[in-house]
Amino acid sequence: MKRSIIITGGTLGAAAGLFMLVNTLPGCRPSTNVQSAVTGDAANKAYVKPGAYDEFYNFVSGGFSGQLSVYGIPSGRMLRNIPVFSVNPESGWGFSEETKPMLMTTHGFIPWDDSHHPELSQTDGVPDGKWCFINGNNTPRIALVDLGTFRTKSIIEIPNSAGNHSSPFTTGNSEYVVAGTRFSIPMGTDEQRDVSIDSYRENFKGTVSFIHPDPATGKLDIAFQVITPGVNFDLSHAGKGPSEGWFFFSCYNSEQAYSLLEVNASQKDKDFVMALNWKKAEEYAKAGKGRMVPGKHYMNWYDDAKHTGISEVRNEVLQLDPRELKDLIYFMPCPKSPHGCDVDPTGQYIVGSGKLAALIPVFQFSKIQEAIAKNDVEGDFMGIPVLKYASVIKGEVKKPGLGPLHTEFDANGFAYTSFFVSSEIVKWSLETLEPVDRVPTYYSIGHLCVPGGDSKKPWGKYVIAYNKITKDRYLPTGPELAQSAQLFSIDGPKMELLLDFPTIGEPHYAQALPAELVKPREVKFFKIEENQHPYAAKGEKEAKVVREGNKVHVYMTTIRSHFTPDNIEGIKLGDEVYFHVTNFEQDWDVPHGFAIKGAATAELLVMPGETQTMKWIPDQIGVTPMYCTDFCSALHQEMQGYIRVSPANSKVELKGVTKSYDAGS
Amino acid sequence: MEPANSPSKAAMISEADITLGEVDKALVEKGKSTYDVKCQACHSIGENRVVGPGWKGMLTRRKPEWVMNMILNTEAMLSTDAEAQKQLEQCLVRMPNQNLSKDDARNVVEFMRTL
């Protein structure tokens, strides 16, 4: 028997600067002798036996890789690298026609970014396992990653921002995630933006944007933007409990320097933590107290039914001006260049971390409210009230170490602060403000992470250090070494080093939550019956080849282990060929790959039930092979086909077939 | 934490679960549309094998519950059923679980009866 389908043509409708400090501080570089640091049954505590699952997912920023990587804790095993802001040839992210819109911006298609801070969505102030947000630092964007599919679902560009660093921290029910600008810039019309850099003080402004994720669709949209004096915003966190409704941002460069910031932005003893009443801002926005200002930006969203990214362009943004709306923001002095701005689980305390300081200030929310009520100010900064430092702090952790960066919390009243310069984690009591334990990190730790450690209910158990420098820690791999994370147990009174594991990019911030909150959400395949991609072929009967002028659409299917059609003829030089590949497998973990010899793009990797499209412009006459790249069965190596390319004036009939010869029974 | 044993835990179909009466044309139609989307790529409706065996005469060789178990409990059958394993030795591609519902599988059997 010979079975064939013949289809004929038809029509169809920081770190670097501070490193110098490390070398100038004798004795600050810790010992890297692993033997001296690991004790007892550390290996057992980090061991997850083959076939068993880790207890926690750890979402770690991919830093300058632009991605989000996922590790299991306590094993440190890497589970996934989720493409977000950077193209990923392995999965076709940014290469397939469907994913290209996800990376569109007002600057056009951008294949890369620098991703810094993952933040898990929350319900009642606790990570809920629904989404993970992450910021693009360079070309300001925020992404939402769906933890059902472990794919980027939405990316929004942030207008009137430059260097989206103090982002994307969430309110307690993920009503909003914030995006604060690192660089202040001139805004407005072309004339207003084309000004001398020397006019910083007069013309440069900062913004913090409040982005609303739609609970049903995951679409991100900017609800409103608060304009601020020109400073640099570094990090932020939402209030909770008594401080619910407020947001706190660390700011540096209150000197308003615009050159040699390393020196010029380190002049004052104190910069600021900015307290922002977001409930009030929301109220003002709803009451029409803001104004629409120029702010062109892209909103990109991936439709899981159509298996296609969609870009929408917005031209304006609603801006609120605290010089007019007087009770929106307040500055609080904070020792030198604060980085972390972390709210404890009770919501009473806000911990600033001056990265050039040798103390940790702990602000008290009730005192902030009293100071505001009594107008207990020491003056103003560019028209914004500055509250008196002594009036708003609970106290300072004295001489805890050098260069505090970031603090997370356990559920027992302890804080864990990373110290970049002295390269250690210090555990201290929120009640007494006294250090109770310290461990060295190897070395120059940046952020750290306790599972749920910035939420109302930390799960505790571990603190994970993300180190900036790895020297001497792993087998050497040329000038660049793997980035380094370290796992410590915090179950006992003393922190205990359990494990080192390498990471990709530069790991900045990270978040962790129990695997049980994520696992039940997993999408194992997309239902083929629900595939609404306009070029889907739901079964081989819908496979076909269609010409529209010089565009050729190939409706192709994959199943273990063949393509339909797998012999295509009638393609001509000058054609643009679109391979719409539908994988109609309906089983977990059976993607098929698709590659064509000489195609100036990456492969497609098509999930079960999904349709993805490769655009191919043939450039040579002859017969070109194509094949499946993802090992799918014992006959994977047989999963291949041919495309015949003829001269532009050829009369070869357009057709696509898969021929089946009698295989016996 | 221990992982779940298998992604699909549908109960095995037994002889008592199926009654074959008069051929039900409505079920045959439904079975054929499922076949077109999810089965046709590998199974002909003739006697000959494409990737998997042809379906003509299938029910003279296999019991309906065996067919439904191959569809619904594919991995379990390939790991435990001697006949399924013999078939795999010939085909060498593990039959994909196409995630049919129990009703879908029953309709496919009805369609198979007409071949």
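Heads up: the sequence lines are chains A and B, in that order. For the first sequence, the residue numbers in the working numbering are 1 to 665. For the second sequence, the residue numbers in the working numbering are 1001 to 1115. For glycine and all other residues, C-beta sits at the position ideal for the given N, C-alpha and C.
Query, Result
"Nearest-angstrom beta carbon gap, D437 of chain A and E408 of chain A [assumed within contact, 8 Å]", "No, E408 of chain A and D437 of chain A are not in contact; Cβ-Cβ is about 15 Å, not under 8 Å."
"Near-chain B residues of the segment 535-566 of chain A (beta-carbon distance less than 8 Å), N- to C-terminal order", "K538, G539, E540, K541, T557, I559, R560, S561, H562 and T564"
"Member of A:R291, A:K205, A:G309 and A:N203 whose CA lies at the smallest distance from the CA of H533 of chain A", "A:G309"
"Nearest-angstrom Cα separation, counted from T149 of chain A out to P520 of chain A", "11 Å"
"Cβ distance (whole Å) where S199 of chain A is taken to contact V178 of chain A below 8 Å", "Between V178 of chain A and S199 of chain A the Cβ distance is about 27 Å, and since that is not below 8 Å, they are no contact."
"Three or more C-beta pairs below 8 Å linking the segment 638-646 of chain A and the segment 606-622 of chain A", "yes"
"E540 of chain A versus A1041 of chain B: straight-line alpha-carbon distance, rounded", "6 Å"
"Contact under 9 Å by Cβ, S250 of chain A with V273 of chain A", "yes"
"Within chain B, the residues that S75 of chain A reaches when beta carbons sit closer than 7 Å", "Within 7 Å Cβ-Cβ: nothing; S75 of chain A doesn't reach chain B, min ~11 Å."
"Classification of A265 of chain A by the beta-carbon crowding that lies within 10 angstroms, buried from 16 upward", "buried"
"Candidates A:L605, A:T558 and A:G245, of which the one nearest K1038 of chain B by Cα", "A:T558"
"Within-9 Å CB hit, A1084 of chain B to chain A", "no"
"Reference H636 of chain A, options B:L1072, B:L1059, B:G1046 and B:V1051, closest by Cα", "B:V1051"
"With 16 other Cβ atoms within 10 Å as the buried cut-off, status of G490 of chain A", "At residue 490 of chain A the sequence reads Ile, which differs from the Gly that was named. Buried, because 16 or more other Cβ atoms sit within 10 Å of the Cβ of I490 of chain A."
"Buried/exposed call for M292 of chain A, threshold 16 Cβ in 10 Å", "exposed"
"Partners in chain A for K1030 of chain B, counting only beta-carbon separations shorter than 7 Å", "Neighbours of K1030 of chain B on chain A: none; closest Cβ ~13 Å, over 7 Å."
"Residue range of the unbroken alpha helix (DSSP H) whose run includes I372 of chain A", "F365 to A373"
"Chain B contact residues for L635 of chain A, given Cβ-Cβ distances below 7 Å", "L1092 and V1093"
"Which of helix, strand or coil DSSP assigns to N649 of chain A", "coil"
"Whole-number beta carbon distance between F95 of chain A and V87 of chain A, since they are thought to touch under 8 Å", "6 Å"
"Residue burial classification, D124 of chain A (beta-carbon count within 10 angstroms, cutoff 16)", "exposed"
"Identity of the residue in A:R193, A:T658, A:V652 and A:T228 nearest M382 of chain A by Cα", "A:T228"
"Proximity of R180 of chain A and F204 of chain A at Cβ, strictly below 9 Å", "This sequence places Gly at residue 180 of chain A; Arg is not what is there. No, the pair does not count as a contact, with Cβ atoms beyond the cut-off."
"Short-range partners of chain A found in the segment 1009-1027 of chain B, where Cβ spacing is below 8 Å", "none"
"Pick from A:H592, A:E576 and A:P168 that is closest to N583 of chain A, judged by C-alpha positions", "A:H592"
"Q1087 of chain B: contacting residues in chain A (beta-carbon distance under 7 Å)", "Within chain A, no residue comes near Q1087 of chain B; the closest Cβ sits about 11 Å away, beyond 7 Å."
"Segment contact, 8 Å Cβ cut-off, at least three pairs: the segment 522-532 of chain A with the segment 1020-1030 of chain B", "no"
"Integer-rounded CB distance, given that Y535 of chain A should sit under 8 Å from T611 of chain A", "6 Å"
"Residue interval of the alpha helix (DSSP H) (run including N44 of chain A)", "A42 to A46"
"Below-9 Å beta-carbon distance, Q640 of chain A vs any chain B residue", "no"
"Three-way DSSP call (helix, strand, coil) for W616 of chain A in this model", "strand"
"Given P186 of chain A as reference, the closest of A:A238, A:E202 and A:E431 once Cα atoms are compared", "A:E202"
"Contact between the segment 496-504 of chain A and the segment 279-287 of chain A (3+ Cβ pairs under 8 Å)", "no"
"Inter-residue Cα distance where the pair is D1081 of chain B and W1055 of chain B", "19 Å"
"3 or more residues per run - each beta strand (DSSP E) lying fully within the segment 196-236 of chain A", "205-213 and 220-229"
"Neighbour flag for V1037 of chain B against chain A, beta carbons, 9 Å", "yes"
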